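Take a look at the structure set out below.
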Amino acid sequence: MPRRTPRFTLDRLRTPGRFPGFLKTASVCALIAGLLSPLSQVAAAAEVTAANDYCGGQCSDILPPGENGNATLAQILLNQAFGTQPEHAEDQLGPYANLAKGYPTLTNATINTFFNDASFGVASDQVASTLSPAGRSDVTIVRDKKTGVPHITGTTRYGTEFGAGYAAAQDRLWLMDVFRHVGRGQLTAFAGGDPSNQGLEQQFWRNAPYTEADLQAQIDNAVAGNGTRGQQALADANAYLAGINAYIDASDSGRYFPGEYVLTGHKDSITNAGTIDHFKITDLVALASVIGALFGSGGGGEVNNAVSLLAAQEKYGVEQGTQVWEAFRERNDPEAVLTVHNGQSFPYATKPASPQGAALPDTGSVTSQPLVYDATGTGGDATATATSATATATALSSARRGMSNALVVSGQATASGHPIAVFGPQTGYFAPQLLMLQEIQGPGISARGASFAGLSMYVELGRGQDYAWSATTSGQDIIDTYAVELCQDDYHYLFHGTCTAMDVVEQKNAWKPTTADGTAAGSYTMRVYRTKYGPVEYRATVGGKKVAYTTLRSSFMHEADSIIGFQMLNDPDYVKSPQTFQSAVQHINYTFNWFYADSTHTAYYNSGDNPVRASGVDAEFPVWAQSAYEWKSWVPATNTAEYTPASAHPNSIDQDYYISWNNKQAKDYSTASWGDGSVHRGNLLEDRVKKLVAAGGVTRASLTKAMADAALADLRAEDVLPDLLKVINSSTVTDSTAAAAVTKLQTWLTAGGRRTETTAGSKTYADADAIRILDAWWPLLVKAEFEPGLGTGLYTAFTANLPIDETPSAAHGPTGAHAGSSFQYGWWSYVDKDIRAVLGESVQGALPQKYCGSGTVSSCRDILISTLKTAAGKTAAQVYPGDTLCAAGNQWCADSIVQRTLGGIKHGNISWQNRPTFQQVVEFTSHR
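To convert, count from 1 in the sequence shown and add 5; that's this note's numbering.
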């Protein structure tokens, strides 16, 4: 249904910030008057009674900025001109932001000051509206007054899913349309040629270059392979699509569709000419491919690994170079924080005793496979070229950024005796948000929580009647790189001895300026060469032979398969225990860590289709594309294989506590990304939760406080800085500049090492100078500590495997700068191990040599003091150079979180927190 344009009062006005592309001038006022009152649908209040809710009012959630992600043209123009917000567009942003300063005094009674009440149903006096979509009698959509979240109740399965689709389109139609075009590689043609749009479509289409036939085949295979549940999933998806399309038709005829369609040239604001294309079932697979690639596809990076291994062997020789490489790789570091910490071993992707089939490139021969061809205009200028290079690097990296965290405590350590969980996905910050909140109640479905827009036929992360669940990205390796030997020319390869032509998949895009995006006209063709071993990503020579390196992902051509697991999670007749929860998530083929809590039990399971590799194959490096090195029982036509059994995946029931922040899952279980060493951001949770559990009496408030405190911590300050200062203070610091810097750093460390405002809303950090100094110092000290010993070539190669830092102000991850998520990847473990070794302390899994100052405390101290002096002399403007949002030198702004605009509505930035985007706080009091 359309949203009311709220009455605007002075306290709701804000100065609009920069919004690339969309109108942002007060001159639009003249256009607004005739657009303020789109045709409305009648909404009458009605009481909704909660049923089968066993949480006792102790389930809460939050998802900024707000539930309403649609805005009419009038609302967009008002937002651009005056900063006014549509109803429920940002009413969850304030409570979310306020936790950063409000958590120290948090109590159970005040949790819902910062979170929503996530109880089922809506109290009669809190019903804002009730709608029977498209006049159906078998479903109602009730929205609450506080947040506008849809509570969908159906008497038939079809009606329930129809309502879910209708509600999704009400709240996220434009965003859903954007991301179906991302998944199809058609974003620039749809929304404009802005460099960010070019980068987004290139990043995802490179790894999932599907034709329409491919998308349909994935649906057919998922349905055929899952019996009655597969048939039900298909029926649910079709009903969901019918609901989406019913809203498209209603909003089009009623002229309250999202205004972005006008601003991008798809609709005419005066005549209403133009169309909004209906959604079809293959669009759902395109959407799923984006989400899966972004959050659930661990692996890759084998070619980068090979390049750094060769650099190590070139410097040290094969044997010693391999040892050095393995030390920095930290496949199974004994000091790494673990989610399953009871000593259980789950060997996967470990180093084989006798590696077989490796196909390492000849030194200097590797080039990345071009994606963009025949570029014209702004599709081929310098900015576009740089954008393509960044998109390629991101797509081919093994690092999956952002991701999520979880804190789950067993009832044996809580005040009530019931388990408590604080968990959620860290999916970046967007306007509108990628996720949306909803409650769905109908035959075989009973859940409330978050779902990705356009895939919300089921709740994907949330709570059921007497249980809750969430996920973090796990990153175990389900992607392998194969070296296919070329024959005839660069576009034919040997497959089982036969010279075979590569398949060519193309997407041609062209754009021209629109009101929304003024990027000048341009075009290009994205072209992917596909083999039976996956898409070509690199070209090289191996032993002088020309090869193409391809990447084969176990979920490639299987983007729709996970729907069955989500269907089960929503089914109260299926999930009744930790065991049935684990059974449900075993049907999810993406790489996630899943967590569960009910009134008595907790559980954990690591999902993903982990292929069984041929004996001797090392998952870290490319292997020859030959039968002997293929996945066991691999069928090229369907990309299916034998997968490791459920028992081989890290799993647990009723461990004393679980933490996860994309850290190592369990002993001997290797992840594809680097950095699982002695210092990881997971330690920020581990240290706090372990302390709480040891003391006992854990409450929802105390566990939330632990999360919120970790969300403000600077990992380097908390876990590495003490040892750095120990070296520096091993003798008196006589240099005045260095001494002053040490004093500031020590004062900040004593205060907790947090990046937090002086007072709420001050937009100034306490200990700002110390934070500036550490931000400037870290890259300088890492380079000075390691480059002399490793040599420039190997040091540079290792930084390609693992970046040295990931501060809040850095532009990293899928959402660029101002994305919140920080300290996931960096050299903090290397620095920690090396400095401790120099100090003569015990180090498990030590580096092969002492690097800082060649191993002597005095020489190491000289390096640290020298680089510290340089860092202290850097101005704030040098450390924080500014961007389109922030002036140079504005430290708080550089760190701040921004809801990245994917539509016409923009929001103000908020103070930095390193926490989930959608988050639940749950403690069930009883069970069915």
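For each residue, glycine too, the CB sits at the ideal point set by N, CA and C. These numbers come from a predicted model, not from an experiment.
Distance from the Cα of C898 is smallest, within the candidate group L907, G909, Y634, W917, for W917. DSSP, read as helix, strand or coil, puts H563 in coil. In the DSSP annotation of this structure, the continuous segment of the beta strand (DSSP E) that includes Q925 starts and ends at 924 to 927. Fewer than three beta-carbon pairs drawn from the stretch 417 to 429 and the stretch 901 to 910 are found closer than 8 Å, and the two stretches are therefore not classed as touching.
Residue burial annotation: S456 is buried, with at least 16 other C-beta atoms found within 10 angstroms of its C-beta. The straight-line gap separating the alpha-carbon atoms of G680 and V413 is approximately 23 Å.
Spatial neighbours of A293 in its own chain (CB-CB distance under 7 Å, excluding positions within 5 residues in sequence) are listed in chain order as L460, E564, A565. Here N919 really is in contact with A716; their C-beta atoms are around 5 Å apart, less than 8 Å. The beta carbon of Q493 lies closer than 7 Å to those of C504 in the same chain, with the five residues before and after it left out.
With fewer than 16 other CB atoms across the displayed protein chains lying within 10 angstroms of its CB, Y378 is exposed. For N410, the secondary structure class from DSSP, reduced to helix, strand or coil, is strand. In the same chain as R532, and ignoring 5 residues on each side of it, the C-beta atoms closer than 6 Å to its own belong to Y378, E511, in chain order. The DSSP-derived three-state label of M507 is coil. Annotated three-state conformation of Y534 is strand, per DSSP. Boundaries of the alpha helix (DSSP H) around Y800: 797 to 806. DSSP places C898 in the uninterrupted alpha helix (DSSP H) bounded by 896 to 900. Pairing Y101 with R468, the inter-Cα distance amounts to about 20 Å.
Shown here, W629 sits in a strand according to DSSP, grouped into three states. In the DSSP assignment, F351 forms no beta bridge with any residue.
With fewer than 16 other Cβ atoms from the protein chains shown falling within 10 Å of its own Cβ, P886 counts as exposed. Following the DSSP letters along the chain, one finds Q446 inside the beta strand (DSSP E) bounded by residues 440 to 447. Buried is the label assigned to G297, since at least 16 other Cβ atoms lie within 10 Å of its Cβ.
Judged by pairs of C-beta atoms under 8 Å, the stretch 654 to 673 does not touch the stretch 621 to 640, as fewer than three such pairs exist. Taking a cut-off of 8 Å on C-beta distances, the stretch 171 to 179 does not touch the stretch 350 to 369, as fewer than three cross pairs fall below it.
Residue pairing by DSSP puts A452 in a beta bridge opposite I445.
For P430, the enclosing beta strand (DSSP E) begins and ends at 425 to 430.
Residues of the same chain with a CB within less than 7 Å of the CB of S370, apart from the 5 flanking positions on each side, are A545, T546 in chain order. For H654, the secondary structure class from DSSP, reduced to helix, strand or coil, is coil.
Fewer than three beta-carbon pairs drawn from the stretch 841 to 850 and the stretch 686 to 701 are found closer than 8 Å, and the two stretches are therefore not classed as touching.
In this structure, T477 lies near S665, with their beta-carbon atoms less than 9 Å apart. Its Cα nearest to that of D485, the residue V541 stands out among V541, S588, T112. Judged by DSSP secondary structure, N611 falls outside any alpha helix (DSSP H) and instead within the beta strand (DSSP E) spanning 607 to 612. In the structure shown, F435 falls within a strand segment according to DSSP collapsed to helix, strand and coil. Rounded to whole angstroms, A633 and T555 show a C-alpha spacing of 17 Å. Bounds of any alpha helix (DSSP H) do not take in I157; it lies within the beta strand (DSSP E) bounded by 155 to 159. Counting the other CB atoms within 10 Å of its CB gives R933 a total below 16, which places it among the exposed residues.
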